[in-house]
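One rule links them: number in this note's numbering = place in the sequence shown (from 1) + 185.
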Amino acid sequence: VSSTHPRVGFVGIGKLGRPMAQRLMQSGFDLVVFDTDDLATSKFEGTNVSVAKSLDELVVECNIICLCLPGPDEMEKVMFGKGGVEINIRPGTLVIDHTTNSPTLVRQVEKRLKLRKAAMVDAP
Numbered sequence: 186v187s188s189t190h191p192r193v194g195f196v197g198i199g200k201l202g203r204p205m206a207q208r209l210m211q212s213g214f215d216l217v218v219f220d221t222d223d224l225a226t227s228k229f230e231g232t233n234v235s236v237a238k239s240l241d242e243l244v245v246e247c248n249i250i251c252l253c254l255p256g257p258d259e260m261e262k263v264m265f266g267k268g269g270v271e272i273n274i275r276p277g278t279l280v281i282d283h284t285t286n287s288p289t290l291v292r293q294v295e296k297r298l299k300l301r302k303a304a305m306v307d308a309p
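The following block contains the structure:
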């Protein structure tokens, strides 16, 4: 993945996430999407967007990862659960979190990502 042409991953293609991901697609970003709901990602079939089969697939392919999740419980699972972001993230990756989240969890995620040489922006 070239640093001049970032590959953007978008996790959470629901009510709020889908229009955000569509805007990235329309703007010409190299985009990979993932959602646990196959119906949500099916909206991107026939486009230039790649649909990841798993969260870990998206994480290893992208150097920018956007999250738009329902809340803190889902964020914790996506970040720290089996096959999650933390264990698979590459150094230099940026995580942009659009989830309405708990400040405590955001600080915890940021601290743990920093240990893996990755960064986080909280952008609800």
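Note that beta-carbon positions come from the ideal geometry of N, C-alpha and C, so glycine has one too.
Length of the line joining the Cα atoms of residue i and residue j
i	j	result
K286	L300	Sequence check: residue 286 is Asn here, not Lys. N286 and L300: Cα-Cα distance of roughly 21 Å.
V280	T232	24 Å
K296	K302	10 Å
E252	D215	Reading off the sequence, residue 252 comes out as Leu, not Glu. So the alpha carbons of these two residues sit roughly 16 Å apart.
G266	T221	14 Å
T226	T289	30 Å
R275	E242	12 Å
L298	V236	24 Å
L224	P204	15 Å
Chain C contact for residue i (CB, 8 Å cutoff)
i	result
R292	Looking at the structure shown, chain C is missing, and only one protein chain is on hand.
Buried versus exposed, by CB contacts within 10 Å (16 or more), residue i
i	result
G194	buried
V270	buried
A206	buried
H283	buried
I250	buried
Counting only runs that start and end within the stretch 189-236, where is the beta strand (DSSP E) found for 3 or more residues in a row?
-> DSSP runs (the beta strand (DSSP E)) wholly in the stretch 189-236: 192-196 and 215-219.
Length at least 3, wholly inside the stretch 247-292: the beta strand (DSSP E) runs in chain order | Counting only runs of 3 or more residues that sit fully inside the stretch 247-292, the beta strand (DSSP E) segments are 249-252 and 279-282, in chain order.
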